[in-house]
Every structure is written in structure tokens, then in C-alpha cells.
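Asks: These protein sequence lines map, in sequence, to chains A, B and C.
Each residue of the first sequence is one higher than the one before, counting from 1 in our numbering.
Each residue of the second sequence is one higher than the one before, counting from 232 in our numbering.
Each residue of the third sequence is one higher than the one before, counting from 480 in our numbering.
Glycine included, each C-beta is placed from N, C-alpha and C at the ideal position.
Just so you know, these numbers come straight off a predicted model, no measurement behind them.
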Amino acid sequence: MTEHDEIPSMFSGMLGIIRRDLLLAWKRPGDVLNPLFFFAMVAALFPLAIGPSPEQLQFSGPAVLWVAALLAMLLSLNSLFLSDYEDGSLDQMLVSPLPLSALALGKSITHWLTSGLPLVLVSPIVAITFQMPLSVIGVLMLTLMLGTISLSMLGSVGAALTVGLHRGTALLSLLILPMAMPVLIFGARTVSLVAAGDGVAGGLYFLGAYAVLVLSFIPFATAAALRISNE
Amino acid sequence: MWKFIHKLASPPHFFRIAAYIIPWLVVPGLLLVGYATYAGLFLAPADYQQGDAFRIIYVHVPSAYLSMMAYMIMAVSAGIGLIWRIKLSHAVAAAAAPLGAWFTFLALATGSIWGKPMWGTWWEWGDPRLTSELIMLFLYFGYMALRGAIDDTAKADKSSAVLALVGAVNVPIIHFSVEWWSSLHQGPTLVKEGGPAMDPAMLYPLLAMILGFTFLFGALLLRRVRAEVLFRERRTRWVKEMILSGGQ
Amino acid sequence: MSMGGYGAYVWTCFALAAVVFVICEWRARLRLRRVYRDIEVRIKALGDTE
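1. By how many angstroms is the C-alpha of A/Ser-60 removed from the C-alpha of C/Val-499?
2. Apply the 10 Å Cβ neighbour rule to B/Gly-425 and answer buried if 16 or more other Cβ atoms are within range, or exposed otherwise.
3. Candidates B/Gly-449, B/Asp-430 and B/Glu-464: which alpha carbon is nearest B/Tyr-279's?
4. Output the boundary residues of the alpha helix (DSSP H) element that contains B/Arg-316.
5. Going by the CB atoms, is the gap between B/Tyr-374 and B/Ser-176 shorter than 8 angstroms?
6. Quick one, which residues of the stretch 320 to 344 of chain B are near chain C if we go by CB-CB under 9 angstroms, in chain order?
7. Report the residue from A/Leu-98, A/Ala-49, A/Leu-77 and A/Leu-23 whose alpha carbon sits nearest the alpha carbon of A/Ile-7.
8. Out of A/Ile-176, A/Arg-189 and A/Ala-68, which has the shortest C-alpha to C-alpha gap to A/Lys-126?
9. Alpha carbon to alpha carbon, what distance is there between B/Val-470 and B/Asp-461?
10. Do A/Thr-143 and A/Gly-208 have their CB atoms nearer than 8 angstroms?
11. A/Ser-229 to C/Ala-487, Cα distance in whole Å?
12. State the beta-bridge partners of B/Asp-278 as determined by DSSP.
13. Under 9 angstroms between beta-carbons, which chain B residues line up against A/His-166? List them in chain order, please.
14. Would B/Gly-425 pass as an interface residue toward chain C - the criterion being a Cβ-Cβ separation below 8 angstroms?
15. Give me the chain A residues within the contact set of B/Leu-361, using Cβ-Cβ distance strictly less than 8 angstroms, ordered along the chain.
16. Verify the CB distance criterion: does B/Arg-247 have a CB-CB separation below 8 angstroms to chain C?
17. Is there a C-beta anywhere in chain A that falls below 8 angstroms from the one on B/Arg-308?
18. In chain A, what lies closer than 7 angstroms to B/Trp-412 by C-beta?
19. Just the Cα atoms here: how many angstroms apart are A/Phe-37 and A/Ala-25?
20. Quick check: what's the CA-CA separation for B/Ile-366 versus B/Val-393?
21. Is the shortest distance between the beta-carbon of B/Trp-469 and the beta-carbons of chain C less than 8 angstroms?
22. By Cβ distance below 6 angstroms, which residues in the same chain neighbour B/Ala-249 in space, the five residues on each side in sequence not counted?
23. Is there at least one Cβ from chain B nearer than 8 angstroms to A/Pro-62's Cβ?
24. Can you give me the Cβ contacts of C/Glu-529 inside the same chain, cut-off strictly under 6 angstroms, excluding the 5 residues immediately before and after it?
25. Quick one: list the residues of chain B neighbouring A/Ile-228, beta-carbon separation under 8 angstroms, in chain order.
26. Comparing alpha-carbon positions, which option in B/Trp-356, B/Ala-399 and B/Glu-355 lies nearest B/Ala-324?
27. Helix, strand or coil for C/Tyr-485 per DSSP?
28. Just to confirm my understanding: we take B/Ala-240, look at its own chain, exclude 5 residues before and 5 after, and list those with CB closer than 6 angstroms. What are they?
29. May I ask you to report which of helix, strand or coil DSSP gives A/Gln-58?
30. If we define contact as Cβ-Cβ less than 8 angstroms, is B/Phe-462 a contact residue for chain A?
31. Contact criterion: CB-CB distance below 8 angstroms. Does B/Pro-348 meet it with respect to chain C?
32. Kindly list, in the order they appear in chain B, the residues whose Cβ is closer than 7 angstroms to that of C/Ala-507.
33. Does A/Asn-230 come out as helix, strand or coil in the three-state DSSP assignment?
34. With respect to the alpha helix (DSSP H) encompassing B/Phe-246, which residues constitute its N-terminal and C-terminal limits?
35. Hey, C/Cys-503 and B/Leu-451: beta-carbon distance below 8 angstroms or not?
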């Protein structure tokens, strides 16, 4: 039991942020659902544009789904720090005795829970419309899970750098997309390779390693970026 | 030695010293480029596969090399500026970015032009270097866009420094990913990544060109940094005194 | 000079490189000159009012 003037631990601080943001997301389901609808719509654009031929759909499925997921993540990243910036909780985080990197990590985790994880869970539904066999869908979900974790992390740096900037939205995408390309490359191509019968290990190892790398280092960059943007 | 470096970090000293250094970079640079151009165009034998078109390598490879070196310079000086709070370092980063972008553009343009007679198309996604250079261009644009979006110079310096550092860590990862991705396709590439298994008569002009480009890039960079420093320090006393006493 | 038909491509590339160098050099010098001029104007303006 903590006394009321004892500083909470870093871990409980992080949990506090996660809990608060999850509650906020629960109260405004639109924040979670809109990117999902966006994901489904973007995926639907491709058959409309290319044509309904099943072979083409099956061939392009992994790529289309991955690009749609990437864009949906970008969409939801814009507002990562926006509401905190506007209502002052960002300032609270900045002066908190807890390490800012831990709080930033908490924000990123919540972002993944409210944006990335739903995408992973919804992806099979869209994948089926692309004639994706079940075994491949499993790999798709795995790659999306690892990939969206990395995207949430990378995105948090971009969001921290552009919070409060005029036209920060487009800028955020410009900043994040080049760095998201390895994730996209390995994510989409691994699924394609599996669909063609090749092994999955290499791609998954890369995605896993990359996720671990960004989880370890990006929170510090995000914290630095938050301080710089708000001084 | 340390004292010299310390002195160099002070804007007025840098401004003066850089002006002296520039000619020492331009002259050797031009000589090297001149020799390399002549040797590359007229002395080196034609490639048995690509014929005379391979001579584009003498522009394409140095540009690509410089585009990456410029990014590293940008990231390192941004990092130094961020960690040790040296204003001049930030000025170097700011100056390096547009130059790096220009060389990236040059690498892309020459790569595309090279591709036309070789593959018949103006663009080949299968070539890892071209794709990497394209992503590099986006990285540069992102950096410059972020700088442009922030009005306060100090804030712009620090924000873009974080971006440059995160980007720098990602650059090798991007290269690796694109290599893997293009190796799946087993497509044609411009330059065999086997390295200098080239005939020395072909190799020496290339090395000379790379070195020459580097010298000229250094001169360009110093010039830009001088302009950048002068702009940032325009309201200081040392600038005022320098201008009143005749300027340079 | 024509290099087995590839001449146009090769010479274009070298010319492009030269152009890029010249542009960069020019812009750097231009920037420096403009900053000088702005500062001189400012100093003169302040000098008159002081």
C-alpha cells in the first residue's frame, strides 16, 4: 500500500496511463472503430480499382492488407498526443517525477491496444474476401501483430515531434513512412512467401527483432521529442 | 589540438577559418574530378556487358555514396549539437540536408538514365540501390519539412536532431530490407554488388571520382555552413564588428 | 565521342552532375551574399537612428 505522498513506481505510472487511455477509448469507441473502417475501406479500394479476378486478389492480398493497415495506423497516430496536449495532461506528464520514457511507452502500448490489436483481430475478415487461405491468414495476423507494435512505437516519435504543429498530420506521415518501410517490406512479403509455399521464419525473426529494437530505444526518443516540442 | 577544435566550435572562428579551408578543398576536388572524368570517359575500357553505358557509374556511384555520407554527417552533427549543445553543430546539420538531397536526386536521375539503355525502362524497382536512394530522398524531405514547420530555430534544431538520429539508426535497416526484398526478385541491378572486382583501369577513375566528389562536397558544405552561421549570428556583436571593419 | 550509341546517356549524366554542383555552389554563394546585404542594411538603418 502506498502512502499518499510516496512517489508511485515507474511501472504503476505506466499502468496508470494505460488504464486511463483505455478508459477514454472505451468511452469514445469511434476512436477505435474509425481506423478499422478506414482499413476495411482502403482494402476494398483495390479490388474496385484493379478488378475482381480471384487470382489477382489472392496475389495482391498480402500487400493490400498490409498497406491498408499501415495507413490506418498512420491515421490513428495523429491524435496520439493531441488530446493530452490540449487538455494539459501532457504538461503533467512532462513535470511528473516519473521517467517520461516510461510514460511515453505507456502511451504507445495503449495506442497499440486500441489501434494495432483491433487491426490484427479484424484482418482475417478482410483477408477472406481476398481469397486468402486460413494458414496464410495466421501468418498475416502474426506479421501484423509484430508490425503494428513497431508502427505504434515509430509513430509515437513522429507524433511527439509534430504535436501542436500546424498541418502536423501530413508531416507526421512524411516523417514516419520512410522508416516504416522495412516493416512493410518484411510484413507483406513474408505473407506472400508463405502463400507461395516458402518458409516464414526469416521474416518473422526480422519483425520480432525490429519490434524488440524499437521497444527498447524508441521511448527515449519519444520522451526527448516530447520535451523539445513543449519547452 | 583540443584547443583548436574548441576554437573551431566558436562561430566567429569557424566563419573565418572555413573561408581559408574552402580553396584547399576546391582545387584538389576539381583536379580529381577532372582526371576521373577524362580517365573514366576515354581511358577506361568499355565493359564487355554494358558497353560504354557503364561509364555512368563514374557519376552514379559517387553521388549515391555522397548522399549517404551527407546523411551521416547530418545525423552525427545533429546528435553532437543535441547532446553537447553546440550551436555550430546544428548549423552543419541544417546545411548538410539540402546538399544531401541534391546528391540523392543526382543518384536517382543518373540511375534512371543508366537504366533506360540497360533495361529499357526509366525505373526498375528491382534495383536495390535505386529503391534505397528513393527512400533516402524521402528521409531528407522529412527532415527538411520538419525544420521548415518549426519557426523557432533552437526548437527546430533539436526536433530535427531527434528525427535525424532515429532515421540514422533506421538507414542500415532500410538498406538491409531493400536488399532482401530485391533479392527475392532476382532482378537486374546496375552495379554488381560484388565490389571492386573491376579492372584497375576502370576502378582508379571511380575511386578518384569518389574522392573528388567528397572534396567538392566538403567545400560546398563549408560554404553553406558559413552562410547558415552568418544568418544565425546576424544580430551578434562579432558580426557587426566584422561587417563594419570591412567584412569578408 | 559517341560511344557506341550510348553517348547521349553518358554525357547527359556527366552534364547533370556538373549542373548540380554549379547550382549548389551558386545557391550557397547567393545565400551568403544575401545575408551580408541584409545585415549591412540593418546596421545602416540602426546607425542612422542611433
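Replies: Quick answer:
1. 39 angstroms
2. Any reading at B/Gly-425 must be qualified, since the residue scores a pLDDT of 46, below 50, and its modelled position is unreliable; the value itself is stated next. Exposed.
3. B/Asp-430
4. Element bounds for B/Arg-316: n/a, residue is neither H nor E.
5. Past the boundaries of the shown model lies residue 176 of chain B; chain B is included only from 232 to 479, so the question cannot be answered.
6. Ala-326, Pro-329, Leu-330, Trp-333, Phe-334, Phe-336, Leu-337, Ala-340, Thr-341 and Ile-344
7. A/Leu-98
8. Reading off the sequence shown, one finds Val at residue 126 of chain A, where the question assumed Lys. Closest option to A/Val-126, Cα to Cα, is A/Ala-68.
9. A small fix is needed here, since residue 461 of chain B is Leu in this sequence, not Asp. Looking at the two C-alpha atoms, the distance is approximately 7 angstroms.
10. no
11. 50 angstroms
12. B/Gly-282
13. Ala-380
14. Any reading at B/Gly-425 must be qualified, since the residue scores a pLDDT of 46, below 50, and its modelled position is unreliable; the value itself is stated next. Judged by the 8 angstroms Cβ criterion, B/Gly-425 is not in contact with chain C.
15. Result: empty, since nearest Cβ-Cβ is about 14 angstroms, beyond 8 angstroms.
16. no
17. This sequence places Ser at residue 308 of chain B; Arg is not what is there. With 8 angstroms as the cut-off, B/Ser-308 does not count as an interface residue toward chain A.
18. Ile-185 and Arg-189, listed in chain order.
19. 16 angstroms
20. 18 angstroms
21. no
22. Leu-453 and Arg-457
23. no
24. Note that C/Glu-529 has pLDDT 48, beneath the 50 cutoff, so the model's placement of it is unreliable and the number below is only indicative. Once the five neighbours on either side are set aside, C/Glu-529 has no close Cβ partner at all.
25. Lys-386, Lys-389, Ser-390 and Val-393
26. B/Ala-399
27. Note: C/Tyr-485 maps to coil in three-state DSSP.
28. Ile-317 and Leu-319
29. In this structure, A/Gln-58 counts as helix in the three-state DSSP scheme.
30. B/Phe-462 does not count as touching chain A.
31. yes
32. Within 7 angstroms Cβ-Cβ: Leu-451, Arg-454, Arg-455 and Ala-458.
33. coil
34. 242 to 269
35. yes
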